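First comes the structure, then the notes that go with it.
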Amino acid sequence: MPYLGSEETLKELKRALSNPSIQADRLRYRNVVLRVIRLMTQGLDVSPLFMEMVKASASVDMVQKKLLYLYMCTYAPLKPDLALLAINTLRKDCADSNPMVRGLALRNMCNLRMPGITEYIQQPVLAGLRDKASYVRRVAVLGCAKMQNLQPEAEIDGAVVNELYGLLRDPDPVVMVNCLRALEEMLKAEGGVVINKPIAHHLLNRLKELDSWGQSDTLTFLLRYEPRDEAELFDILNLLDGHLQSSHGAVATATLRLFLRLAAAHPAVQADALSRAQGPLLAMCASASRELRFAALCHVRRLLRSVATQYAAHYKRFFCSYSEPGYIRLCKMDILVELVNDENVALVLEELRAYCTDVLPELAQAAIFAIGRIGQMYSERCLGILVSLLGLRQEHITSAVLQTFRDLVWLCPQCTTAVCRAVASLEDSIQDSEGKQALIWLLGAHGDKISSAPYVLEDYIDSLKAELSSLVKLELLTATVRLFLSRPAETQDMMGRLLHYCIEEEGDMCVRDRALLYYSLLLCGVEDIRRILGGPTTDASLGVIAGHSEEPVDSWAPHFNTLELLLARGCWNAALSKGGFHSTGDFRLSVVHVRDGPHSSLSLSLEPALSPESFERHWLELDVSHVGPVTCPWPHCLPEALQAALQLVQIQVLAFSRPQSLPWKAYLYSHGDGTLILAEVLRDSTQGADHLQLTMKQVPRDKHVLQGFVAVLKSALQALSRDTS
Amino acid sequence: MISQVFILSSKGDHLIYKDFRGEAKSDVVNVFYQMVTDLPADQPPVLMTHEGLHFIHVRQGGLYCVATTTANVSPFTIIEFLNRLTALIKDYCGSLSEKSVRMNFALIYEMLDEMLDYGYIQTTSTDILKNFIQTEAVSSKPFSLFDLRSVGLFGAETQQSKVAPSAAASRPIMSSRGDQEGKNEIFVDVVECLTVVIGSNGVLMKADIQGEIRVKCYLPSCSEMRIGLNEELSIGKSQLRGYGAAVRIDECSFHQAVRLDEFESYRILKICPSQGEQTVMQYQLCDDLPSAPPFRLFPTVERDSGDRLLIYLKMRCDLPPKSVVPSDFTTNLVLACILKPTTSLSQELSSPDQSAELQPSCKVIQWEIPRFPGGAQLSALFKVEVPGLSAASLLEVGPVCMSFELPKHTCTGLQIRFLRLSPAQPGPSQRWVRYLTHSDSYTIRI
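Quick mapping for you: the protein sequence lines, in order, are chains A and B.
The letter at position 546 of the first sequence is residue 546 when you use full-length UniProt numbering, and the numbering goes up by one with no holes.
The letter at position 409 of the second sequence is residue 409 when you use full-length UniProt numbering, and the numbering goes up by one with no holes.
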């Protein structure tokens, strides 16, 4: 950030730092250093003062020392040669008699991120691991991870790893947790720190000594542990039981996640854990910190998909309050919709009705949509409220109500009469395009029941020139043609005008093409167009939708207590794909979730595209990661159909043999979680015509992703063979 | 693990910036500020993502406290950590504001250095941290017990004659300056947040009290403190104790350091408080208030001739006379959509010290009441000129939302019987007990 006169300031500070009379006065010296740090925080580049600051670090004043270490860690990557000057002071401090000085020096020495530092810090770090003060050991343990991070290509020192595993038995609990954290980072390539039975039991036994941060980290590490048998599993669950109701939200949620993971085969235990963890979650939903409240609400919202009944009694806790920000209120409305049952529906609707006149239009509309979603189960009550809202004659309210009507009519055909009556008596005009689309759709689809339908549509047709949204125009075309089918006499003239305008004068190609299509269809005759536009309608004999099916706990449990739940569905992958493996900067929307059992976390993607040449090069270079039969019947379909089907699950078929030849081969690729997967499917006559052999190569290797890929491929093939047989 | 921690002022000035892992550059600070200020009102700002880097922040005291991370970590850990960081800043610097952070930035850097190493949380306990922190806090204004200019005096049950000003507890916990006056103090606050919704027919639709007992301790060493609560306090729906009017709460949870061996029989909490502020007990009560809600409203809305709307509000305070004086009392009448740019307001209020004005930005009429003693009844008549008023607009008036604070009052009736320190402190020590009910959301539908 350029500051006015920053050069002058730097010069002045340089003078001050090298002024012997200031150096002699401890307080004045410290004040000058403080000014430098303040400028650094503001974003000014104060690296030219490095030389003077290194000299200042030789002070005995601890406060000044700490400030200077902060300075050096910030600028060491820019001035590595000068930073080396500070190493001597730091190394001397590492041998100080005061453990606080030793720890401080060691920590900051490891924080100097510059090339070539490792040779200086290796010895002090190793000495630090055996220091008698736990404060120094804590620092040294993390120092090992920092050292590894500074030279990622260097080989991992087995002795250090062993020493760290040994330090898991350190009397100081923070040293123990730091060991886990350091090992996790150092052994990332091998899948992180190993949690075997003795380690797992050791960690569980020491859980009580840890503070809440250590507990929540350790519980996360334990997710990796697989108990041998049921007896061990229940012993572990008993040990953890108390933590489910911890007053620290992070510990309670981490414990719940571990419970859900360990008891994956025991749904009753899972349900019990969920009900026991209700207290802490509900308490966090009412926390004074709105950020914590939001995080808890997001988690509850996801929980409800599986255990809505448990929370139904607490529906009043999710009523919005006046002082809450919009995003929390939106979240609460989502939850309220899920919690509705026969007992509380009246009160919930009354509450939502009150939100419909909120000052913020977004919230008011969200409340109306929420009433609409409840209307899929309790249509009569909700229709009454929605119709009364039309009486308010507010544009954004009317628009939202109409959109709700459209969805309701589609999902609950029994509402049609009431909706048509309300639409017929509608007086105001609507301004926003979503509302217009909804109204026009209703007029087109149910024009036979709304007497004024042709006149309203005519108004829209007459003002077509002023219409900006092409979506509205498309909707208008369809609606007019539909209305023509039910009320030809009144509509014919204006339909002619509309088609003429859209074909002759419209600039938008989509609208023009749609108009041309309808025109040609009309030429074919009324019966044909009725068959095409009429399409399948919802069966009027269908009953009320009695709520949606419950999702299994496993569909969200792997993401519980992670950042992913704080984002709306689908946003997570979109957000990540901008950074991740291929940082080409393009925003990929083509990420498809494959929600399939335990591999639901995997998302495959076709981008970036792989050319046949580079596929061949990779195929020849790489070693085989997995060979095995695919246990599923061969779909007897054309390879083109196979290609299209696999594309839907984001697997690209790059090449395949001619349909009837045997052995038949196909080459596929896909990207998943930052890895590239290449695969060969071989259908060999020697082992029976339906036997499929799969050979896969992956870079970089990730077993989990590979398994996910196989599962996706298998489910796609199964679906295909079901369809073709 | 946390990659960076930074604190920004509401205007986007960098107050604190510390990088722990070198995974991202410092220019992400500006990216964050850009993102958070551009966000539409209905989007959640808590978690934002930019090029694989997640920003999680809490907003307190007008500051953005932000942590960044590249891993898919536990959101609760990060948010609780940031909340703990702000609490520690409050403890060490006296208050959390742009000014106090600016003045104490060296101290905060020192604190962060001990709290996090390589992005992993090491410790956040005041007792441990105070051994490491050597910078002295600079407090923004010198503390004086006799500074009674600030309104909102809290009563102290244990010290009948003296009253502690509300600002007394906002000073740094560690201070070497020799102001003996307030050195050995301990504050115990019972704070309740009240959420009430009263329907248009006057029926109580929802009532919810979230309460907590906070201890703020300035004693350098305190071995054990015993806090005695009402003996007739009952917890849960079934249990009843004593004969008189029972004090009841639904659920409660305690700080992990609290020893509860005498809680079952005598309702005594035992704790060794560490320096600084801590929440000793949290409790809640839903639906079943022991007494009527403190304020009642009798509204009439009618349409006068033409475009004029008449809103007559009569408000009664049902608190016992004289004992409780609400402060900061504001009533907001939401007009939502009927408000047009040309709307004008005239009012008749029941006493001249009150004021009311139309706030077009949030579409409310704000009625400020400086004095509202218990048992009193106030009224106001608002005449609102709305062009194009329709009969349906009457339905859109309201709700009325009140915000207030009630010192010396708890809605559950929870009281602190006694406060004992053992062993007795050498030298003079002062113990303050304060009660406060704060309206989180007090809504009356019309």
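Cβ coordinates follow ideal geometry from the N, Cα and C atoms, glycine included.
What you are looking at is a predicted structure, and each value in this text was computed from that prediction instead of being measured.
For residue i, go through chain A and note every residue whose CB falls closer than 7 Å to its CB, in chain order.
i: G22/B; result: R113
i: C362/B; result: V359
i: I121/B; result: W213
i: H54/B; result: L563
i: L47/B; result: L563, L566, L567
i: Q256/B; result: S247
Whose Cβ in chain A lies nearer than 8 Å to the Cβ of residue i?
i: D42/B; result: G326, Y327, L330, L360, E362, L363, A366
i: N72/B; result: T562, L563, E564
i: R445/B; result: A354
i: V31/B; result: Under the 8 Å cutoff, chain A gives no residues; its nearest Cβ is about 12 Å from V31/B.
What does residue i reach in chain B if we use C-beta pairs closer than 8 Å?
i: L41/A; result: Before going on, a small fix: residue 41/A reads as Thr here, not Leu. H14, L15, I16, Y17, F105, listed in chain order.
i: S47/A; result: Result: empty, since nearest Cβ-Cβ is about 13 Å, beyond 8 Å.
i: V63/A; result: A106, E110, Q134, T135
Quick one: residues in its chain with C-beta nearer than 8 Å to the C-beta of residue i, no 5 flanking neighbours on either side, listed in chain order?
i: D528/A; result: L521
i: M1/A; result: Here the model assigns M1/A a pLDDT of 43, short of 50, so the residue's position is not dependable, and the following value carries that caveat. Result list for M1/A: Q42, G43, L44, in chain order.
i: E110/B; result: F132, I133, Q134, T135
i: K360/A; result: Reading off the sequence shown, one finds Leu at residue 360/A, where the question assumed Lys. Counting only Cβ-Cβ distances below 8 Å, and skipping sequence neighbours, we find G326.
i: A24/B; result: S3, Q4, L53, T68, T70
Taking C-beta pairs closer than 9 Å, name the residues in chain A that residue i reaches, listed in chain order.
i: V58/B; result: S289, R290, E291, L292
Could you pull the DSSP bridge partners for residue i from this structure?
i: N205/A; result: For N205/A, which the question treats as bridged, DSSP gives no partner whatsoever.
i: L8/B; result: H14/B, Y64/B
i: V359/A; result: Bridge partners of V359/A: none, in fact.
i: T331/B; result: W367/B, M402/B
i: R226/B; result: K270/B, R420/B
i: P407/B; result: L436/B
i: E277/B; result: K216/B
i: H671/A; result: S605/A, L676/A
i: V653/A; result: L668/A
Between residue i and the rest of its own chain, which residues show a CB-CB distance below 6 Å, the 5 nearest in sequence each way excluded?
i: L297/A; result: C285, C331
i: V340/A; result: V348, I374
i: L180/A; result: V193, F221
Which residues in the same chain have their Cβ closer than 7 Å to the Cβ of residue i, if we skip the five residues on either side of it in sequence?
i: W619/A; result: L678, K697
i: I328/A; result: R290, R293, F294, L297
Under 7 Å Cβ-Cβ, which residues of chain B neighbour residue i?
i: G674/A; result: Here the premise fails: no neighbours, minimum Cβ distance about 11 Å.
i: M100/A; result: F132
Residues of chain B with CB under 9 Å from residue i, in chain order?
i: L78/A; result: Those do not exist, as L78/A stays about 12 Å from chain B at its closest Cβ, beyond 9 Å.
Three-pair Cβ contact test at 8 Å for the region 241 to 250 of chain A versus the region 208 to 221 of chain A: Output reads yes: the region 208 to 221 of chain A touches the region 241 to 250 of chain A.
Does the region 312 to 332 of chain B touch the region 366 to 376 of chain B, meaning 3 or more C-beta pairs lie closer than 8 Å? They touch, by the three-pair rule.
Just checking, does the region 396 to 409 of chain A make contact with the region 431 to 448 of chain A on the three C-beta pairs under 8 Å criterion? Segment contact: the region 396 to 409 of chain A against the region 431 to 448 of chain A, three or more CB-CB distances shorter than 8 Å; contact assigned.
Using 8 Å as the cut-off, can you tell me whether the region 45 to 54 of chain A makes contact with the region 19 to 37 of chain A, which would need three or more C-beta pairs spanning the two stretches below that distance? Contact between the region 45 to 54 of chain A and the region 19 to 37 of chain A is present, because at least three Cβ pairs lie under 8 Å.
Take every Cβ of the region 706 to 721 of chain A, pair it with every Cβ of the region 631 to 643 of chain A, and state whether three or more of those distances are shorter than 8 Å. Yes, the region 706 to 721 of chain A touches the region 631 to 643 of chain A.
Beta carbons nearer than 9 Å to chain B: which residues of the region 148 to 170 of chain A have them? Across the region 148 to 170 of chain A, CB contacts with chain B closer than 9 Å involve N149, in sequence order along the chain.
Would you list, in chain order, the members of the region 387 to 398 of chain B that have their beta-carbon closer than 7 Å to a beta-carbon of chain A? Residues of the region 387 to 398 of chain B that bring their beta carbon within less than 7 Å of a beta carbon in chain A comprise S390, A392, L395, E396, in sequence order.
Could you please tell me which residues of the region 369 to 398 of chain A, in chain order, have their CB closer than 7 Å to any CB of chain B? When CB distances to chain B are screened at a threshold of 7 Å, the residues of the region 369 to 398 of chain A falling below it are G391, L392, R393, Q394, in chain order.
Taking 8 Å as the cut-off, does the region 98 to 117 of chain A touch the region 64 to 76 of chain A (at least 3 CB pairs, one atom from each stretch)? Yes: at least three Cβ pairs fall under 8 Å.
The region 263 to 271 of chain B / the region 300 to 312 of chain B touching (three or more Cβ pairs under 8 Å): Fewer than three beta-carbon pairs drawn from the region 263 to 271 of chain B and the region 300 to 312 of chain B are found closer than 8 Å, and the two stretches are therefore not classed as touching.
Touching by the beta-carbon criterion (3+ pairs, under 8 Å), the region 151 to 159 of chain A and the region 120 to 131 of chain B: Contact between the region 151 to 159 of chain A and the region 120 to 131 of chain B is absent, because fewer than three Cβ pairs lie under 8 Å.
Can you confirm whether the region 73 to 88 of chain B touches the region 555 to 567 of chain A when touching is taken to mean that 3 or more C-beta pairs between the two stretches lie within less than 8 Å? Yes, since at least three Cβ pairs between the region 555 to 567 of chain A and the region 73 to 88 of chain B fall closer than 8 Å, the two stretches touch.
Residues of the region 198 to 218 of chain B whose Cβ lies closer than 8 Å to any Cβ of chain A, in chain order: Of all residues in the region 198 to 218 of chain B, G199, M205, K206, D208, Q210 have a Cβ within less than 8 Å of some Cβ in chain A.
Say whether the region 640 to 655 of chain A touches the region 694 to 705 of chain A, bearing in mind that this needs 3 or more beta-carbon pairs closer than 8 Å, one atom from each stretch. These segments do not touch.
Along the region 78 to 94 of chain B, where does the CB come closer than 8 Å to a CB of chain A? Name the residues. Cβ proximity to chain A below 8 Å picks out I79, E80, F81, L82, N83 from the region 78 to 94 of chain B.
Within the chosen definition, does the region 341 to 359 of chain B reach the region 409 to 422 of chain B through at least 3 CB pairs nearer than 8 Å? Taking 8 Å as the limit for Cβ pairs, the verdict is that the region 409 to 422 of chain B does not touch the region 341 to 359 of chain B.
How do the region 80 to 91 of chain A and the region 108 to 117 of chain A stand: do at least 3 beta-carbon pairs fall below 8 Å, yes or no? Enough Cβ pairs lie closer than 8 Å, so yes.
The region 257 to 280 of chain A: positions lying closer than 9 Å to chain B by Cβ: Cβ proximity to chain B below 9 Å picks out R257, G279, P280 from the region 257 to 280 of chain A.
contact_flag[the region 381 to 397 of chain A, the region 415 to 428 of chain A] where n(CB pairs < 8 Å) is 3 or more: Enough Cβ pairs lie closer than 8 Å, so yes.
Quick check: the region 130 to 150 of chain A against the region 169 to 187 of chain A, are at least 3 beta-carbon pairs closer than 8 Å? Short answer: they touch.
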